[in-house]
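Number 286 in our numbering belongs to position 300 of the sequence shown; there are no gaps in the numbering. Where a beta carbon is used, it is the ideal one built from N, C-alpha and C, also for glycine. Keep in mind the model is a prediction, meaning the values are calculated, not measured. All remarks here apply to the structure that follows.
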Amino acid sequence: MNLSSTNTSFTIPSGEVLCPPGSTGNGSCMCDWRVQIRGCPSESAYIENLYLVNTLACFIVFIMITGLLIWRMAVKGQGLISKDPLKEMGILRPKPLECFLLLNIFHVASRLLYSVCLISDFISSTTLKEVLHDITFTISLASLAIYLIGLIYTIPRTHIAAQRAVTMSSEDRPSIWVLRPQMIDAFAFILFISLLVLNAFALISGYFIDKNNIKMAETWITIHYLGWSFFCWIIIFGILYFGKRLINIIEKHIQDTKGYGKVPSSKLRNLEHGLTKVCFLLLITPFPFFNSLNYLIYFSYDESVFYY
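As structure tokens, this is what we get:
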């Protein structure tokens, strides 16, 4: 890759292609450091050190969140699935924090395994590397959606619906929007299908790289990254759409609870704590947005090896 070029246009020169498997990196190809360490023209040592640090960090985080999940389930008696005695929940009924921790245990463990495989060069197939790399991040983003769904089901919707019908005037009723389980299940189904499609794109692009069909590989990598960008936008839209309405419900519930006069302080504290969680989730929503921009920048920026 010619780093001394003064061309500032955002186009990839036609002579620059992905380094095929087994390449020694003669400077005439681009190194996809998501799935390559060996064969990169000048970055191999830096990338290998980066993955070594990532491996150590993943190991530490894995121990921490595994211990936290065990403590919450064994000591606190929390489960992974919410009970639904009133039949007012959908098919997917995750406990927010427990399922969030479990999915991120899988994410960190898979990243740890993936980093070890890259450093040791244990996996030679680019197809397997592409799929494993994809799975690690699909789990991470899915955990955000699962956490939001779990928070939604912690709100007593039956109580809010009753308060809306009894205590509010007709013009005030539309301001409180009770989330329907069918909408939540549909959102989860769209996410599940998106993950399957994205992993299929990763498999196809890796297959063509293994076959040294670089032209087709670049085409499918482009499709793959555009798909990831679209998926990130689905996550953003879902979190903002459901999260904003969930905040309205919690705030109204807090007002109704305070209006009763003497209420248990623990109940009010739990509601305010839940409101803080949702606000924090909305606060970190820009991260998938910037992630989607990274995928788009990858196609156009010709001088950076640091994509993803």
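#1: Could you round the C-beta distance between T52 and H93 to whole angstroms and report it? I think they count as a contact, below 8 Å.
#2: How many whole angstroms separate the CB atoms of T41 and S101, which I take to be in contact at a CB cut-off of 8 Å?
#3: When DSSP labels each residue in this structure, what does I49 get in the three-state scheme?
#4: If I follow the unbroken alpha helix (DSSP H) through L122, where does it start and stop?
#5: So, is T262 buried or exposed, given that buried needs 16 or more other C-beta atoms within 10 angstroms?
#6: Our contact map puts G213 next to F187 with C-beta atoms below 8 Å; I'd like the distance itself, whole angstroms only.
#7: Just tell me which of K62, P80, V61, G63 has its CA closest to the CA of D70.
#8: Under the DSSP definition of a beta bridge, which residues are partnered with P80?
#9: Hey, is the region 194 to 202 in contact with the region 220 to 227, meaning 3+ C-beta pairs nearer than 8 Å?
#10: Going by other Cβ atoms of all chains shown within 10 Å of its Cβ, with 16 needed for buried, is S110 buried or exposed?
#11: Considering only their Cβ atoms, is the gap separating L257 from I236 smaller than 8 Å?
#12: Suppose the cutoff is 6 Å on Cβ atoms and the five residues either side in sequence are ignored; what does the same chain contact list for I67 look like?
#13: Helix, strand or coil for I33, going by three-state DSSP, please let me know.
Short version:
#1: For the purposes of this step, residue 52 is taken as the residue at position 66 of the sequence shown. For the purposes of this step, residue 93 is taken as the residue at position 107 of the sequence shown. In fact, because the Cβ distance is near 12 Å, the residues do not count as touching under 8 Å.
#2: As a first step, residue 41 is located in the sequence shown; it is residue number 55 there, counting from the start. As a first step, residue 101 is located in the sequence shown; it is residue number 115 there, counting from the start. About 4 Å separates the two Cβ atoms, so the contact holds.
#3: Your numbering for residue 49 matches position 63 in the sequence shown. Helix.
#4: Looking up residue 122 in the sequence shown gives position 136. Looking at the sequence shown, residue 122 is not Leu but Thr. Start and end: 112 to 138.
#5: For this step, residue 262 is matched to residue 276 along the sequence shown. T262 should be labelled exposed.
#6: Here residue 213 refers to the residue found at position 227 when the sequence shown is read from its first residue. Here residue 187 refers to the residue found at position 201 when the sequence shown is read from its first residue. Rounded, the Cβ-Cβ distance is 6 Å, consistent with contact.
#7: Along the sequence shown, one-based indexing puts residue 70 at 84. Minimum Cα distance to D70 is reached at P80.
#8: Residue mapping note: residue 80 aligns to position 94 of the sequence shown, counting from 1. For P80, which the question treats as bridged, DSSP gives the partners I67.
#9: no
#10: In the sequence shown, residue 110 corresponds to position 124, counting from 1. When all chains shown are included, S110 counts as exposed.
#11: Sequence index remark: in the sequence shown, residue 236 carries index 250 (1-based). Sequence index remark: in the sequence shown, residue 257 carries index 271 (1-based). Yes, the pair counts as a contact, with Cβ atoms nearer than the cut-off.
#12: Working through the sequence shown from its first residue, we reach residue 67 at position 81. Here the set comprises R79.
#13: As a first step, residue 33 is located in the sequence shown; it is residue number 47 there, counting from the start. Three-state DSSP puts I33 in a helix.
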